[in-house]
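Everything on this sheet refers to the single structure shown next.
Residue numbers (my numbering), protein chains in the order written: chain Z, 4 to 352; chain S, 4 to 352.
Structure (structure tokens):
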């Protein structure tokens with residue numbers, strides 16, 4: 004079968020790899036219906052994180068279950084499933100606490116997962132899914148083709164934007180500023196509106212993304228950055244800053260923007276992978292009582308809550324996909340995202 | 004009148020200073036009944052923060068109102084009042100948001116406060132209180148002498164311990180670890196118990212403080228620090244760490260202890276002044292979804308909630324005062340706290 008393999012920075016190939024086989028009783032084999040490229044896939048693509056040897060890549064996909072191991076109970080052959088961007092058992096203490104990204108038995112696509120072996124990358128024709136009962140979320144009933152993009156966002160970006168909003172404690176009537184106009188930032192706007200925020204400020208300099216932000220619920224667009232951007236946010240929030248700020252980028256500059264855009268007593272919910280590891284300025288946070296909460300988003304646990312709104316069309320996160328390509332053109336998908344020609348690319352095997 | 008003046012590191016003097024006078028219509032003059040030394044007063048005492056010139060010091064006191072300006076409405080001559088460790092108007096947007104430490108018109112004892120002039124230090128016979136209606140909390144009815152220590156803790160340490168617990172989101176059934184066995188850490192134990200925590204782990208190596216921690220509600224004592232301390236906390240919390248950790252010290256080491264003692268998805272509430280400005284390790288926080296929330300505690304807003312429990316004896320924060328001295332011996336009070344001979348010293352003018 005075909006799957007995407009990263010060989011080196013900017014060297015993405017779609018290659019023949021062995022077909023997956025059930026290897027534990029808890030496995031499922033999923034035929035991928037759609038996968039996509041994540042902003043975090045661009046770190047190895049750009050060489051920011053090293054690629055020591057060629058390996059399978061991709062961690063967001065939806066598909067049809069083709070086979071299950073003898074111990075699988077919640078997932079059956081023929082089910083349409085959403086795979087979150089990680090593997091989890093759903094039963095350990097951390098999963099029960101809602102932090103399935105810290106599953107004691109789980110792990111990451113494209114790497115070794117504790118006792119259950121190497122988990123395939125997600126950008127391929129088929130994937131062996133370890134811990135299938137915990138990992139996969141079943142979408143009931145027939146799934147229309149038009150639903151695929153929206154469902155695929157529950158694999159990562161919609162759940163991640165929601166996690167930013169939940170971590171920041173967004174609730175009815177809040178003012179919310181969103182730093183970052185990538186797919187996650189745009190989904191964070193959806194999440195903020197869904198949770199009742201009434202002032203939603205999207206920080207974006209790109210006309211297409213500004214338009215999508217407004218469609219998703221942004222009430223104001225701030226194109227300025229740095230001190231000017233912070234001043235604009237304060238102007239829009241009674242002079243003091245936003246109640247909640249959603250940091251959806253992960254750079255030192257974006258976190259600084261977020262911290263300084265929050266009002267005293269406000270909270271920054273952050274989900275951008277802090278690549279390079281910017282440290283947080285604790286004295287600045289302390290003096291203004293600005294908290295920071297979030298992290299790698301436990302999206303598996305959010306699917307049950309978000310799925311009905313995606314299926315009903317109440318929210319439209321699938322619109323973040325502005326380019327669709329066949330799997331064979333994965334290299335072009337990476338290039339389009341790297342060059343910001345596309346917000347997010349959907350791949351069809 | 005007499006008041007405490009810091010001249011240089013380890014040079015604390017009680018000296019004659021001018022009597023305070025009403026200078027704005029919003030002022031009150033308070034005769035100090037009791038004041039105390041704060042852990043943060045030890046930073047200039049130890050020379051960690053500079054003392055460029057002699058100045059009044061102290062920011063926690065209770066007393067009797069002797070005079071009020073023409074515009075004061077909430078406070079009257081003869082009232083027994085608690086002064087929080089800062090000045091605030093109670094009406095600005097930040098005060099209304101519960102963050103009175105960020106009052107747009109407020110400031111700090113012993114320094115200039117916006118438009119209302121220099122605010123006296125609190126360790127003296129009398130204090131001019133600017134913005135009296137916002138700053139001072141009236142204790143109704145007659146106040147017994149035995150109540151003084153407990154009431155004085157509402158000026159800072161009890162409210163600050165409570166802020167750590169509130170910022171961490173402590174709620175019924177939680178496991179809570181408290182880092183720091185000073186007066187604030189001990190009050191944080193009271194706060195955690197009061198909010199319904201069922202497992203309360205006090206990290207302390209001092210027998211007297213361990214005993215007080217247990218009296219206040221600690222269910223476990225962990226004397227170990229560093230990795231051993233973290234391992235002990237995990238043993239006591241099902242192997243994963245505490246739901247909430249209250250950081251009540253403010254050093255890099257204590258914050259590290261706190262972050263690593265929290266379970267995935269847990270929250271660190273912090274109130275220790277981050278002296279020296281340790282930065283927070285954001286990648287470690289991100290990977291485990293451990294949030295950090297807190298800051299300089301808006302204790303003025305907590306007095307109404309905590310006062311009834313202090314007066315009824317339901318909580319006994321006044322026990323943190325294990326030494327009482329006349330104001331004239333303020334230098335000895337500082338030395339006793341600096342050398343950890345006393346947890347907290349009460350001064351009587």
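Backbone N, C-alpha and C fix where the C-beta goes; we use that ideal spot for every residue, glycine too.
Going by beta carbon distance, what residues of the same chain come within less than 7 Å of residue 115 (chain Z), once the five residues before and after it are set aside? Cβ within range, chain order: 121.
Report the neighbours of residue 238 (chain Z) on chain S: residues whose CB is nearer than 9 Å to its CB, in chain order. None at all; the shortest Cβ gap to chain S is about 14 Å.
Please confirm whether residue 161 (chain S) and residue 320 (chain S) have their CB atoms less than 7 Å apart. Between residue 161 (chain S) and residue 320 (chain S), the C-beta gap is smaller than 7 Å, which places the two residues in contact.
Whole runs of the beta strand (DSSP E) within the region 83 to 144 of chain S, excluding any shorter than 3 residues: As far as the region 83 to 144 of chain S is concerned, its whole beta strand (DSSP E) runs of at least 3 residues are 83 to 86, 129 to 132 and 140 to 142.
How about residue 299 (chain Z) and residue 104 (chain Z): are their beta carbons less than 7 Å apart? In contact: residue 299 (chain Z) and residue 104 (chain Z) (Cβ atoms closer than 7 Å).
Mind checking the region 259 to 285 of chain S against chain Z and listing, in chain order, the residues whose C-beta falls within less than 8 Å of any C-beta there? Here the close residues are 266, 267, 268, 270, 273, 276, 277, 280, 281, 282, 283, 284 and 285.
Pick from Z:77, Z:41 and Z:81 that is closest to residue 94 (chain Z), judged by C-alpha positions: Closest by C-alpha distance to residue 94 (chain Z), out of Z:77, Z:41 and Z:81, is Z:77.
What number of angstroms, rounded off, separates the C-alpha of residue 79 (chain Z) from the C-alpha of residue 229 (chain Z)? Between residue 79 (chain Z) and residue 229 (chain Z), the C-alpha separation is close to 51 Å.
With 16 as the cutoff for other CB atoms within 10 Å, does residue 227 (chain S) come out buried or exposed? That one is exposed.
I need the boundaries of the alpha helix (DSSP H) containing residue 368 (chain S), first residue and last residue. Outside the modelled stretch of chain S, which goes from 4 to 352, sits residue 368 (chain S), for which no answer is possible.
Residue 105 (chain S) CB to nearest chain Z CB: under 7 Å? By this cut-off, residue 105 (chain S) is an interface position.
Comparing the C-beta of residue 102 (chain S) with each C-beta of chain Z, is any distance below 7 Å? Against chain Z, the CB of residue 102 (chain S) has a partner CB under 7 Å away; the residue lies at that interface.
If we define contact as Cβ-Cβ less than 7 Å, is residue 294 (chain S) a contact residue for chain Z? Yes, contact with chain Z.
Alpha carbon to alpha carbon, what distance is there between residue 214 (chain S) and residue 50 (chain Z)? Residue 50 (chain Z) and residue 214 (chain S) have their C-alpha atoms spaced approximately 55 Å apart.
On the three-state DSSP scale, how would you describe residue 325 (chain Z)? Strand at residue 325 (chain Z).
Verify whether the separation of the beta carbon atoms of residue 275 (chain S) and residue 302 (chain S) is less than 7 Å. Going by C-beta atoms, residue 275 (chain S) is not nearer than 7 Å to residue 302 (chain S).
Distance, residue 47 (chain S) Cα to residue 135 (chain Z) Cα: Taking the straight line from one Cα to the other gives about 59 Å.
CB contact flag (residue 185 (chain Z), residue 42 (chain Z), <7 Å): Judged by beta-carbon spacing, residue 42 (chain Z) lies within the 7 Å limit of residue 185 (chain Z), meaning their Cβ atoms are closer than that value.
Exposure label - residue 218 (chain Z); buried when at least 16 CB within 10 Å: With fewer than 16 Cβ atoms within 10 Å of its Cβ, residue 218 (chain Z) is classed as exposed.
Contacts around residue 216 (chain S), its chain only, beta-carbon distance under 7 Å, and the 5 residues preceding and following it disregarded: Excluding positions up to five away in sequence, the list reads 184, 189, 192, 205, 207 and 224.
What are the boundary residues of the beta strand (DSSP E) that residue 27 (chain S) is part of? Neither: residue 27 (chain S) is in no beta strand (DSSP E) and is coded neither H nor E.
Give every residue of the same chain whose Cβ lies closer than 7 Å to the Cβ of residue 269 (chain S), excluding the five residues on either side of it in the sequence, and list them in chain order. Result list for residue 269 (chain S): 244, 245, 246, 247, 248 and 293, in chain order.
When you compare the CB positions of residue 92 (chain S) and residue 23 (chain S), do they come within less than 7 Å of one another, or not? No, these two residues do not count as a Cβ contact at 7 Å.
Just to make sure I have the definition right: I need the residues of chain Z whose C-beta is within less than 8 Å of the C-beta of residue 97 (chain S). Which are they? Listed along chain Z, the residues sitting closer than 8 Å to residue 97 (chain S) by beta-carbon distance are 243, 266, 267 and 268.
Alpha-carbon to alpha-carbon, residue 101 (chain Z) and residue 325 (chain S): Those two C-alpha atoms are separated by around 43 Å.
DSSP three-state label for residue 16 (chain Z), please. Strand.
What residue range does the alpha helix (DSSP H) around residue 216 (chain S) cover? From DSSP, the alpha helix (DSSP H) with residue 216 (chain S) extends over 210 to 219.
Closer than 9 Å by beta-carbon distance: list the chain Z residues that pair up with residue 299 (chain S), in chain order. In chain order: 289, 290, 291 and 292.
Go to residue 348 (chain Z), then tell me how far its beta strand (DSSP E) extends in each direction, as first and last residue. Note, residue 348 (chain Z): beta strand (DSSP E), 347 to 351.
Just verifying my parser: in three-state terms, what is the DSSP assignment at residue 360 (chain S)? Nothing in the structure corresponds to residue 360 (chain S), since chain S is present only between 4 and 352.
Report buried or exposed for residue 315 (chain S), applying the criterion of at least 16 other Cβ atoms within 10 angstroms of its Cβ. Residue 315 (chain S) should be labelled exposed.
By Cβ distance, which residues of its chain are closer than 7 Å to residue 333 (chain S), with the 5 residues on each side in sequence left out? Same-chain partners within the cutoff: 7, 15, 17, 126 and 350.
Along the region 204 to 232 of chain S, where does the CB come closer than 7 Å to a CB of chain Z? Name the residues. The residues in question: there are none.
One or two residues paired with residue 67 (chain S) in a DSSP bridge: Residue 67 (chain S) is bridged to S:34 and S:83.
Give every residue of the same chain whose Cβ lies closer than 8 Å to the Cβ of residue 10 (chain S), excluding the five residues on either side of it in the sequence, and list them in chain order. Closer than 8 Å at Cβ, skipping near neighbours: 16, 54 and 57.
Inter-residue Cα distance where the pair is residue 271 (chain Z) and residue 21 (chain Z): Residue 271 (chain Z) and residue 21 (chain Z) have their C-alpha atoms spaced approximately 44 Å apart.
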